[in-house]
Amino acid sequence: MLRGPCRLFRVSVAPVAALAVALVSSLSRCSLLEPEDRVVSPLSPYFGTKTRYEDANPGLLPDPEAPRRDPQLLEETCIPVQLVALIRHGTRYPTTKQIRKLRQLHGLLQARGPGDDRIRAAGGGDLGAVLANWPLWYADWMDGQLVEKGRQDMRQLALRLASLFPVLFSRENCGRLQLVTSSKHRCVDSGAAFLQGLWQHYHPGLPPPDVADMECGPPRINDKLMRFFDHCEKFLTQVERNATALYHVEAFKTGPEMQNILKKVAGILQVPVNNLNADLIQVAFFTCSFDLAIKGVKSPWCDVFDIDDAKVLEYLNDLKQYWKRGYGYTINSQSSCTLFQDIFQHLDKAVEQKQSSQPISSPVILQFGHAETLLPLLSLMGYFKDKEPLTAYNYKEQMHRKFRSGHIVPYASNLIFVLYHCKNAKTPKEEFQVQMLLNEKVLPLAHSQETVSLYEDLKNHYKDILQSCHTSEECELPKVNTSDEL
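Residues -26 to -1, 1 to 460, numbered by mature numbering (1 follows the signal peptide of the UniProt record, and there is no 0), are exactly what the sequence shown covers, in order.
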């Protein structure tokens, strides 16, 4: 086992030890080769939550390990003393549910009758036949697991952040790093890969130890924090398990925009339109994105769609995110207030320790979750809110909407709070300031568009959320009065 001055994992609790086995097994299951040259598609900007990080952040392409310092970051007079990062897992496999839908579509193509002679006579290709013979390499065991590209996403993010904030990510601070993760394997694996990236930063050229042998932390699984939506009974009952909650999503599936795509794709694939539905069309579109992200392959699935189709399918994805995770049903964003409180508790503690000349106990807090973790929190904070809600009936009016999930929460997306201590501050209030970064770019304040805030001012702006966050009450289902009335 390799050891250095900075220990990267200290596995001291049973749940984390058990998860180490899952980490090793997911590494050994399949070792897909990473493409040497990046493959692009004109559809890439429209993949929604299945968007590659570099497609949402193209400035990283020349050197994905080099930090990109946003010119709006505070300069040397203010020194970063704490960083709290909420990070979505890296690129993943499709879920079993998505794989089975793809298998269903693939079966339809293989069961087709003879191709249309008129198409062949006109010199047209049979894309359906090409796709019927295209290897269907996805298997049920993959079920949303992190892929090698996802590990690379995390390692490179770690290298960039460590270079951008060298004081916070110093070797001396490594033992005080806090790692919190969702219990989902893709998040646990993302945390491990991030720490491998830090190892690479501290020990260039030295291979990291096996994941199961690394020491740090210890990493803590906290689903109540990172998967708060699974612990909110009101959300689960009124939205997740409610067949009518996503009315606008279902209405858009049967609306004119989607029906036009349905007919078009049926013609291209030469299958009866009645055999297709919006879900199968969407899984075909996402298969293009998965092949690009995972294997670096522009598969024939990408040839089924043009950019106009992609915009409609992106809107369908955004509709679902909007109503389920964003502004549609506020119960989900409201239930994220516990996570918001947790972030400010870390910042408060750092301020108190700095004021009393104590070392800051946790200079870096890394929290690994999901798109479903980030979107509700950003909505709670007032970001990416359009003047009119997204509905099944205003697609054209929302062409230039703010709420585009692929631009907000692609794979490996990150929301970072940086607390600064400004030694030349004129007043005690100006001594501590905060900046937020979304996907490594400074995020202007939602209420003022300023790029930096006094810490006390930011707390004051969000005081209603911070002081009135009672998730247990918000998530409690209304009690039904079953007593008979006389």
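The C-beta atom is built at its ideal place from N, Cα and C for all residues, glycine as well.
| query | result |
| --- | --- |
| Where does T218 sit, in a helix, a strand or coil, going by DSSP? | coil |
| Using a 10 Å radius around the Cβ and a threshold of 16 neighbouring Cβ atoms, would you call R145 buried or exposed? | exposed |
| Does the beta-carbon of R43 have 16 or more other beta-carbons within 10 angstroms, so that it is buried, or is it exposed? | exposed |
| If you draw a straight line from the alpha carbon of Y176 to that of F168, how long is it in whole angstroms? | 13 angstroms |
| Quick one: any contact between the stretch 380 to 399 and the stretch 411 to 420, if contact means 3 or more CB pairs under 8 angstroms? | yes |
| Which whole runs of the alpha helix (DSSP H) in the stretch 150 to 208 are 4 residues long or more, in chain order? | 159 to 176, 197 to 200 |
| In this structure, does DSSP put Q244 in helix, strand or coil? | coil |
| Would you call the stretch 102 to 112 and the stretch 17 to 25 in contact, with 3 or more CB pairs under 8 angstroms? | no |
| Exposed or buried, which one is Y369 when buried takes at least 16 other CB atoms within 10 Å? | buried |
| Quick test of your reading: I317 and F391, contact by CB under 8 angstroms. State the CB separation rounded to the nearest angstrom. | 6 angstroms |
| With three or more beta-carbon pairs closer than 8 angstroms as the criterion, would you say the stretch 282 to 302 touches the stretch 60 to 78? | no |
| With DSSP as the reference, label M355 as helix, strand or coil. | coil |
| Whole angstroms are fine: how far does the CA of C396 sit from the CA of L364? | 42 angstroms |
| Along the chain, where does the alpha helix (DSSP H) that runs through G343 open and close? | Careful: G343 lies outside any alpha helix (DSSP H), inside the beta strand (DSSP E) at 338 to 343. |
| With a Cβ-Cβ cutoff of 9 angstroms, do V408 and L393 count as a contact? | yes |
| Can you give me the start and stop residues for the alpha helix (DSSP H) that A59 sits inside? | Premise fails: A59 lies in the beta strand (DSSP E), 52 to 62, not in any alpha helix (DSSP H). |
| Using only the alpha-carbon positions, how far apart do F209 and L313 sit? | 16 angstroms |
| Could you check whether Y112 and R86 sit closer than 9 angstroms to each other, using their CB atoms as the reference points? | no |
| Could you check the C-alpha separation between E378 and Q332 for me, to the nearest Å? | Note on identity: in this sequence residue 378 is Arg, with Glu being the wrong assignment. Taking the straight line joining both Cα atoms gives about 43 angstroms. |
| Secondary structure at F391, three-state DSSP: helix, strand or coil? | strand |
| Under 9 angstroms, do D283 and F259 count as touching if we go by C-beta distance? | yes |
| Helix, strand or coil, according to DSSP, for Q212 in the structure here? | helix |
| Between P246 and N306, which are expected to be in contact by the criterion C-beta below 8 angstroms, what is the C-beta distance as a whole number of angstroms? | In fact, because the Cβ distance is near 38 angstroms, the residues do not count as touching under 8 angstroms. |
| Where do the N-terminal and C-terminal ends of the beta strand (DSSP E) with L411 fall, by residue? | 406 to 412 |
| Would you mind reading off the limits of the alpha helix (DSSP H) that contains T70? | 70 to 84 |
| If we ignore side chains and look at the alpha-carbon of each, how far apart do Q315 and Y303 end up? | 20 angstroms |
| State buried or exposed for P109, treating a residue as buried only when at least 16 other CB atoms are found within 10 Å of its CB. | exposed |
| Using C-beta distances below 7 angstroms, list every residue in its chain close to P140, excluding the 5 sequence neighbours before and after it, in chain order. | none |
| Can you tell me which residues form a DSSP beta bridge with V383? | DSSP output for V383 lists no bridge partner at all. |
| According to DSSP, is L428 part of a helix, a strand, or is it coil? | strand |
| Just grab the DSSP bridge partners of residue 507 for me. | Residue coverage of the chain in this structure runs from -26 to 460, which leaves residue 507 outside it and unanswerable. |
| Can you tell me the Cβ-Cβ gap for E39 and R134, rounded? I've got them flagged as a contact below 8 angstroms. | 7 angstroms |
| Are the stretch 256 to 274 and the stretch 322 to 342 in contact at 8 angstroms, needing three or more beta carbon pairs? | no |
| Report all residues from its chain with a CB closer than 8 angstroms to the CB of G356; omit the five preceding and five following residues, and keep chain order. | A420, H421 |
| Give me the Cβ distance between L451 and T69, rounded to the nearest whole Å; I'm assuming they're in contact under 8 angstroms. | Not confirmed; about 28 angstroms, so no contact. |
| Could you tell me the boundaries of the alpha helix (DSSP H) in which Y289 lies? | 281 to 299 |
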